[in-house]
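Chains as they are written, first to last, in my numbering: chain A, 1 to 654; chain B, 655 to 847.
Right under this line is the structure:
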């Protein structure tokens, strides 16, 4: 009964999304206030219908209703409750429904929070979101239906992939999807602006908070995924340049560029066409990231349902969404005239450089990811592109990017001079140089360069604030008063830039990681990374739906015990798979990381790592997302003011 | 991005149509790949072997794998006088066990099947064959895996079809399924018989 209800709600959502696409757009074209006003209720209705459908799916999973095919294939009665809930989006059908729900949430959010937008723009934005939504909900209803029944119902489900039974991964998809799908709102704003043929400062001000929110979620989602692969897969790595990882990195790079170029639209009314293109491009890359990966075309470790028929449906859908936007862009963008002019050397100029570099990195990653496909298609050759290509091409591009990240905020708008800005950064450069030299003394050149870059970013991020409060040039009290006046948005930028510095430090630290694979008898001691690792013993431990084998390892330095690590192996009899349970002990400066491998003839194979600064990689990403959030908090306070004035002006003229 | 004077309007229009053209080209490419996947002509997880169409790599006779008493080398394969299936397997490999019934069926049908135990303990491989049956006419072992590297082995199991002249005609990475045997292995065996 409940699954039927969900099925019906899904069908209802298609109808509501269809109406949400047609009525507001038509209303905005005819300037019909009643039709335009139908947009928010339709968007909220579509959201409620999908929430009901999603709730029904979660319910079926929680009560282990194995007559639902999706639940039978991905769940089992013994699974812990948390994973019964999160398992609802662990497979293809469920995750597509979640994707649709988040898209509907975006539409409803514009409906609820977009009260200050001009009625026609709001109707168009919600209409475009509805049109996008209609296609994907239809996809869910027709070829990817999560409510398909299975009869006779089996007694027990087939169980979830045990790798996914992990809190990190349980919440990875919703956060990542919120990032991916969140970029639908800037996309809808871009398409609406193209329909209206107008982009102005207000448009930039409206788009930027949505883009920032999506960006912050995407940053968090990528970091969570990377952290998961670090501690669950037990390979000791954190990023593999796998197509699925690249698919999430591409919209992040484009989205980062978008967040910056929208500032220029907002402050200076320039870069309009470029910003509109970025908004379209970011969401297009998100769509490709979610769906082309799932079509099974790309060879990836994250293999999802491999169904070419679904692939064709998705491709047609993507062609409609992206194609329509780009046709509109080619047709209408020539009307968007820039009004603000600026010298190449200015804050705007630095933001253009930032955009060019970010897009260059995105282009390189895109090329590396799709090259094997097109080599196969055009030349019939089987080629794989791996980490060496990406490292060799992306690293050189990050150097000018890091330079621009610190120098740019020191430049003034419209026209600036480079020499004074550089001169004011002398202490940052000196500190970075010292850090680099000290690290180069002990270690290899590349990590040293990374540490210097990290110091440059973190200290340089604070330089504009220090400049703003005139630290050491005014009395401290006066500086303090000025500090309190620094808007949250400025802090947001500073913190996000510093976060990238922390991540860079973490990445550089990982380049110094040491690891050894050893086969040891219980009682034996090996030395790795300056620590003595002793295998104390091996034992069996039962679990709810698995049996575990645990190794107890004492890690000591100079005879003093620092940690007891218990890495393990779990066998899941139902799924016939084994997972490794990595043991990690961190003190923020380094991770002690141990993995238990096979055992034979009384010896156990252990992989032991010492990873300096590893947690900083994800900590930095968290700080970046936090910076985005701070900036957003400020936006929300300021967003109403100019708009309400605009509304009052309209009321006065009417 | 900078202000365009009227004379440059057309190139500007062309420039702004560029994203559409690029996306359309990409979309067509993906469509072509999807069609190939549907038709079974493109497998993103596929592992091609460069040996197909070329002579087998030369290797000195490998030691015997029990229960066989005699190993074999490249010369023995070339002298077989009929098409031969060469199967790389290991007792520690789960997909090999999944594949085993297909191999037994091929052996019962009289197909000459030569096995190479890849990086395996001799006793463990012997125990496997004692337990599940021995489909192999000839058995050798490649304990160091050196010969397997020359064959371009990616993982076990992998199966090659060698024609009378010692040319590699077919290659299958991963376990042979009943479908695969019926749709590919048998027709090719017939073709080169």
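Where a beta carbon is used, it is the ideal one built from N, C-alpha and C, also for glycine.
Keep in mind the model is a prediction, meaning the values are calculated, not measured.
Contacts with chain A at 8 angstroms (Cβ-Cβ) include residue 670 of chain B. Residue ranges of uninterrupted alpha helix (DSSP H) with 4 or more members, entirely inside the segment 705-732 of chain B and ordered along the chain, are 728-732. With contacts defined as CB atoms closer than 8 angstroms, residue 72 of chain A and residue 157 of chain A qualify as a contacting pair. Within chain B, no residue has its beta carbon less than 7 angstroms from that of residue 37 of chain A; the closest one is some 33 angstroms off. Within chain A, 312 and 315 have C-beta atoms less than 8 angstroms from the C-beta of residue 685 of chain B, given in sequence order. Distance from the CA of residue 406 of chain A to the CA of residue 428 of chain A, rounded to the nearest whole angstrom, comes to 9 angstroms. Contact of residue 667 of chain B with chain A by beta-carbon distance below 7 angstroms involves 334. Secondary structure at residue 239 of chain A: coil, using DSSP grouped into helix, strand and coil. Taking 8 angstroms as the threshold, the shortest C-beta distance from residue 673 of chain B to chain A falls below it.
For the beta strand (DSSP E) assignment, the segment 403-459 of chain A encloses no uninterrupted run of at least 3 residues. Per DSSP, residue 597 of chain A is one residue of the beta strand (DSSP E) stretching across 590-600. DSSP places residue 497 of chain A in the helix class (H, G or I) of the three-state scheme. For residue 715 of chain B, the CB contacts under 8 angstroms within the same chain, skipping 5 residues up- and downstream, are 725, 726, 727, 729, 730 and 794 in chain order. Residue 93 of chain A sits close to residue 145 of chain A, with the two beta carbons spaced by under 8 angstroms. Of all residues in the segment 317-351 of chain A, only 318, 319, 322, 323, 326, 327, 329, 330, 333, 334, 337, 338 and 341 place a beta-carbon less than 8 angstroms from a beta-carbon of chain B. Those residues of the segment 710-739 of chain B placed with their C-beta closer than 8 angstroms to a C-beta in chain A do not exist. With a cutoff of 8 angstroms on beta-carbon distance, residue 216 of chain A and residue 628 of chain A are scored as near each other.
Within chain A, not a single residue places a beta-carbon under 7 angstroms from that of residue 771 of chain B; the smallest gap is close to 18 angstroms.
Residue A:40 holds the alpha-carbon nearest to the alpha-carbon of residue 121 of chain A among A:40, A:280, A:242 and A:595. Contact check for residue 807 of chain B and residue 742 of chain B: beta-carbon distance about 6 angstroms, within the 8 angstroms limit, so the pair qualifies.
If the five residues before and after residue 631 of chain A are omitted, its C-beta is found closer than 7 angstroms to the C-beta atoms of 212, 488, 489, 492 and 493, all from its own chain and listed in chain order. At a cut-off of 8 angstroms, the C-beta of residue 374 of chain A has a neighbouring C-beta in chain B.
Contact check for residue 95 of chain A against residue 167 of chain A fails: the beta carbons are separated by 8 angstroms or more. Note on geometry: alpha-carbon atoms of residue 578 of chain A and residue 593 of chain A lie some 19 angstroms from one another. Of A:323, A:398, A:392 and A:371, the smallest CA-CA separation from residue 356 of chain A is found for A:398.
For residue 370 of chain A, the enclosing alpha helix (DSSP H) stretches over residues 347-379.
Note on geometry: alpha-carbon atoms of residue 114 of chain A and residue 289 of chain A lie some 28 angstroms from one another.
Look at residue 617 of chain A here: in three-state DSSP terms it is helix. If you draw a 10 Å sphere on the C-beta of residue 470 of chain A, you find fewer than 16 other C-beta atoms in it, and that means exposed. In the displayed model, residue 847 of chain B falls within coil according to three-state DSSP, outside both helix and strand.
In this structure, A:335 is the residue among A:225, A:335 and A:207 with its C-alpha nearest to the C-alpha of residue 666 of chain B. Listed along chain B is no residue with a C-beta nearer than 7 angstroms to that of residue 42 of chain A; the closest approach is about 29 angstroms. Per DSSP, reduced to three states, the secondary structure at residue 833 of chain B is helical. DSSP links residue 541 of chain A through a beta bridge to A:548. Residue pairing from DSSP places residue 611 of chain A in a beta bridge opposite A:591. At a cut-off of 8 angstroms, the C-beta of residue 681 of chain B has a neighbouring C-beta in chain A.
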